[in-house]
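Only one structure is covered here, and it is reproduced in the block below.
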Amino acid sequence: MNPSADTLALASTEFDLTKVADGQQVTLKWRGKPLFVRNRTPAEIQKAVADDGAAMKDPQKDADRVKPGKAQWLVLIGSCTHLGCVPTFGGGDYGGWFCPCHGSHYDTSGRIRKGPAPLNLAVPEYEFLSDTKVKIG
Amino acid sequence: MSGHSTYQPKTGIERWLDARLPIVRLGYDSFVDYPTPRNLNYWWTFGGILSLCLASQLITGIILVMHYTPSADHAFASVEHIMRDVNYGWLIRYMHANGASMFFIAVYVHMLRGLYYGSYKAPREVLWILGCVIYLLMMATAFMGYVLPWGQMSFHGAVVITNLFGALPIVGPSITTWLWGGFAVDNATLNRFFSLHYLLPFMIAGVVILHIWALHVVGQNNPTGVEPKSKADTLPFTPYATVKDGFAMSVFLILFATFVFYLPNALGHADNYVEANPLVTPAHIVPEWYFLPFYAILRAVPDKLMGVLAMFGAIACLFALPWLDTSKVRSMRYRPTAKLYFIIFVVACCILGLCGAKLPDDPVLGHFKTFTLGDADLNSFVWLSRFASLYYFAFFLVILPVLGLVEKTLPVPDSIASPALSHPAAAPEQATAAPEMKG
Numbered sequence: 088m089n090p091s092a093d094t095l096a097l098a099s100t101e102f103d104l105t106k107v108a109d110g111q112q113v114t115l116k117w118r119g120k121p122l123f124v125r126n127r128t129p130a131e132i133q134k135a136v137a138d139d140g141a142a143m144k145d146p147q148k149d150a151d152r153v154k155p156g157k158a159q160w161l162v163l164i165g166s167c168t169h170l171g172c173v174p175t176f177g178g179g180d181y182g183g184w185f186c187p188c189h190g191s192h193y194d195t196s197g198r199i200r201k202g203p204a205p206l207n208l209a210v211p212e213y214e215f216l217s218d219t220k221v222k223i224g
Numbered sequence: 023m024s025g026h027s028t029y030q031p032k033t034g035i036e037r038w039l040d041a042r043l044p045i046v047r048l049g050y051d052s053f054v055d056y057p058t059p060r061n062l063n064y065w066w067t068f069g070g071i072l073s074l075c076l077a078s079q080l081i082t083g084i085i086l087v088m089h090y091t092p093s094a095d096h097a098f099a100s101v102e103h104i105m106r107d108v109n110y111g112w113l114i115r116y117m118h119a120n121g122a123s124m125f126f127i128a129v130y131v132h133m134l135r136g137l138y139y140g141s142y143k144a145p146r147e148v149l150w151i152l153g154c155v156i157y158l159l160m161m162a163t164a165f166m167g168y169v170l171p172w173g174q175m176s177f178h179g180a181v182v183i184t185n186l187f188g189a190l191p192i193v194g195p196s197i198t199t200w201l202w203g204g205f206a207v208d209n210a211t212l213n214r215f216f217s218l219h220y221l222l223p224f225m226i227a228g229v230v231i232l233h234i235w236a237l238h239v240v241g242q243n244n245p246t247g248v249e250p251k252s253k254a255d256t257l258p259f260t261p262y263a264t265v266k267d268g269f270a271m272s273v274f275l276i277l278f279a280t281f282v283f284y285l286p287n288a289l290g291h292a293d294n295y296v297e298a299n300p301l302v303t304p305a306h307i308v309p310e311w312y313f314l315p316f317y318a319i320l321r322a323v324p325d326k327l328m329g330v331l332a333m334f335g336a337i338a339c340l341f342a343l344p345w346l347d348t349s350k351v352r353s354m355r356y357r358p359t360a361k362l363y364f365i366i367f368v369v370a371c372c373i374l375g376l377c378g379a380k381l382p383d384d385p386v387l388g389h390f391k392t393f394t395l396g397d398a399d400l401n402s403f404v405w406l407s408r409f410a411s412l413y414y415f416a417f418f419l420v421i422l423p424v425l426g427l428v429e430k431t432l433p434v435p436d437s438i439a440s441p442a443l444s445h446p447a448a449a450p451e452q453a454t455a456a457p458e459m460k461g
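Residue numbers (the working numbering), protein chains in the order written: chain B, 88 to 224; chain V, 23 to 461.
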């Protein structure tokens, strides 16, 4: 009952970043799950970096969650690490994502700050093919 | 109670068959001549009602499969096709969907009956555990069935429940991938759930046969909890139990029909009439009503793994129940203190059900805030569910084991036919000194 070959073949995808305006987020479907590609505003980045030292369940620096020099681009698997619901942006106490199922709050870096989820929103393996194109997976 | 058979083949064909396959004899001994305690009340009719539920689910389910398409692209449309185009498709589907709820209503009454009258105590432990296995299979079947219409609630319900297994250390992620058949809930998941949803009811039917077999070996419990001792204590299954069961089934069918014909969607969620979209989770996601108490226990625990363990632990308590309850008196009719705790237990389960349906942070009373305790305000459903969960576990793990050793019980009758007051130990003081070893 493990995944079949054609299912595994859906493993990677390419995305054109010019489609995402400043402060916007695009949700793609990748491996059957939502993928958030967020073009963060300087205020969001500042907030995330300022909180680097705050008490967290899954401590991680904002800089470790983005590619060097590309801090505006935050790529996340849009699946709550609690039980897999899709968090919505703009809700919650930390200005980031809020999961409607069991009330997990994520900050503007996608780090878990409050609620039952154990881990930060996962950053998938991805690379910049050019300044405006990423390959995910 | 499986005494010698009194079946007398009357015709030549019956004699011929009886010598080769005594199936008529089996039916006669099990459902005609079978001795039932004479004092069974209406709480004992739910076994028959449950058989009716299982038969109804099997028949409607098999017809639904003739019109359903198990594919992520077509499942939702095929359910609408059943509702609109198939002859009496709406009726069959509403019977199947509401039938699941009726099945759970009946099984919960049946289980609470067993809990109250001590039907799990020796020698009925295996009978009780087989019942718990049926309940577990029912939950798996109901969950997978709910996924098949491939609506928003179906999809995200499946996401949440399959992710529960991901909380387990080491094996968790592999189990989840195995359930999904891919990277997420998708077409492969729908197909395997469809296959299992068709298989499990037949497994339930098989365990039901074992359950009835075990029942007929040890005999039925009864409201006094005293084993039948003579012919005076029992009545033949037919006509007494068949007529009583038949009447109870008719009343139950009125309730069933009320839901099917007047409130067909009252127990469902409007969001499930929206086709599954993996990119958007409905704002308020809740399971079907019959899972709400367990869902509340899951959410009561702030830690993911511990929450999952608590939820499965709540079911594990049922399996261990025959060894957790230390009381020598079977029926709570003669256990006034246990009766009180039992009533609180039923209330706690209902409260958990209510908590499961509400948002965790919503206030229970009014709109005011009290003070924050831990991660939430005390006046919130999450705290209410914590208190109720605590009572749920305390009932099984503390109250029943301890109470059985310290409780003062009432005098138990000598036999079903003789009234309790003729018992020599009529005075409560004496009753506690010489407890009820006769059960």
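Note that the Cβ used here is the ideal one computed from N, Cα and C, for glycine as well.
*Out of B:Phe123, B:Ala142, B:Lys148, B:Asn126, which has the shortest C-alpha to C-alpha gap to Ala135 of chain B?*
B:Lys148
*From Ala398 of chain V to Asn126 of chain B, what does the alpha carbon distance come to, in whole angstroms?*
33 Å
_Counted within 10 angstroms of its Cβ, other Cβ atoms place Tyr110 of chain V as buried (16 or more) or exposed_ = exposed
*Can you tell which of B:Pro155, B:Arg118, B:Pro187 has the C-alpha that lies nearest to the C-alpha of Gly179 of chain V?*
B:Pro187
*Check Lys144 of chain B in the structure and name its three-state DSSP category.*
coil
*Using beta-carbon positions only, say whether Tyr312 of chain V and Phe68 of chain V come within less than 7 Å of one another.*
no
*asked:* Pairs of beta-carbons, one from the segment 249–264 of chain V and one from the segment 88–100 of chain V, closer than 8 Å: are there three or more?
replied: no
*State buried or exposed for Lys380 of chain V, treating a residue as buried only when at least 16 other CB atoms are found within 10 Å of its CB.*
buried
*At least 3 beta-carbon pairs within less than 8 Å: the segment 340–352 of chain V vs the segment 147–156 of chain V*: yes
_Just to confirm the assignment, what range does the beta strand (DSSP E) spanning His58 of chain V have?_
This sequence places Thr at residue 58 of chain V; His is not what is there. Note, Thr58 of chain V: beta strand (DSSP E), 57–59.
_Neighbouring residues, chain B, relative to Gly203 of chain V (Cβ below 9 Å)_ = Met88, Asn89, Pro90, Ser91, Thr94
*Comparing alpha-carbon positions, which option in V:Thr198, V:Thr163, V:Gly153, V:Leu419 lies nearest Gly121 of chain V?*
V:Thr163
*asked:* Does His233 of chain V pass the burial test, meaning 16 or more other C-beta atoms within 10 Å, or should it be called exposed?
replied: buried
*Using a Cβ-Cβ cut-off of less than 8 Å, give me the residues of the segment 285–315 of chain V that come near chain B, in sequence order.*
Pro300, Leu301, Val302, Thr303, Pro304, Ala305, His306, Ile307
*Taking all protein chains shown into account, decide if Tyr176 of chain V is buried (16 or more other Cβ within 10 angstroms of its Cβ) or exposed.*
It is worth fixing the name first, because residue 176 of chain V is Ser in this sequence and not Tyr. Buried is the call here.
_Partners in chain B for Val182 of chain V, counting only beta-carbon separations shorter than 8 Å_ = Leu170, Gly171, Cys172, Cys188
_Residues that DSSP places opposite Leu115 of chain B in a beta bridge_ = B:Leu122
*Determine the burial state of Pro450 of chain V: buried for a count of at least 16 other Cβ atoms within 10 Å of its Cβ, exposed for fewer.*
Caution applies to Pro450 of chain V, whose pLDDT of 48 falls short of 50 and renders its modelled position unreliable; the model cannot decide the point.
*Quick one, which residues of the segment 206–219 of chain V are near chain B if we go by CB-CB under 8 Å, in chain order?*
Ala206, Val207, Asp208, Ala210, Arg214
*Measure how close the beta-carbons of Arg352 of chain V and Gly140 of chain V come, nearest whole angstrom, since I'm counting them as under 8 Å.*
4 Å
*Residues in the segment 166–192 of chain V with C-beta within 7 Å of chain B's C-beta atoms, listed in sequence order?*
His178, Val181, Val182, Asn185, Leu186
*asked:* Could you check whether the Cβ of Thr114 of chain B sits closer than 7 Å to any Cβ belonging to chain V?
replied: yes
*Can you name, in chain order, every residue of its own chain whose Cβ lies under 7 Å from the Cβ of Ile183 of chain V, other than the five neighbours on each side?*
Phe165
*asked:* Measuring alpha carbon to alpha carbon, tell me which residue in V:Ala210, V:Phe187, V:Val229, V:Thr82 is nearest Val155 of chain V.
replied: V:Val229
*Span separating the alpha-carbon of His192 of chain B from that of Ala209 of chain B*: 14 Å
*Mind checking whether Cys128 of chain V and Ile71 of chain V have CB atoms under 7 Å apart?*
A small fix is needed here, since residue 128 of chain V is Ala in this sequence, not Cys. Contact flag set, yes.
*asked:* Measuring alpha carbon to alpha carbon, tell me which residue in V:Val330, V:Val181, V:Pro286 is nearest Met105 of chain V.
replied: V:Pro286
*For a contact meaning CB atoms closer than 7 Å, what does Phe144 of chain B contact in chain V?*
Reading off the sequence shown, one finds Lys at residue 144 of chain B, where the question assumed Phe. In chain order: nothing, as chain V lies at least about 10 Å away.
_Same chain only: Cβ atoms within 8 Å of Thr211 of chain V, ignoring 5 sequence neighbours per side_ = Val169, Ala180, Thr184, Leu201, Trp202, Gly203, Gly204
*How far does the beta strand (DSSP E) with Lys220 of chain B in it reach, from first residue to last?*
220–223
*asked:* Given a cut-off of 7 Å on the beta-carbon distance, is the pair Cys339 of chain V and Phe409 of chain V in contact?
replied: no
_Within a Cβ cutoff of 6 Å, which residues of the same chain sit near Thr195 of chain B, ignoring the five residues on either side of it in sequence?_
Glu131, Lys134, Ala135, Gly182, Gly183
*Mind pulling the beta strand (DSSP E) runs of 3 or more residues that sit fully within the segment 39–74 of chain V?*
57–59
_Quick check on the DSSP output: the beta strand (DSSP E) that includes Val162 of chain B runs from which residue to which?_
160–164
*Are any of the Cβ atoms in chain V nearer than 7 Å to that of Arg125 of chain B?*
no
*Let me know the alpha helix (DSSP H) ranges lying completely inside the segment 177–228 of chain V, each 4 residues or longer, listed in chain order.*
194–202
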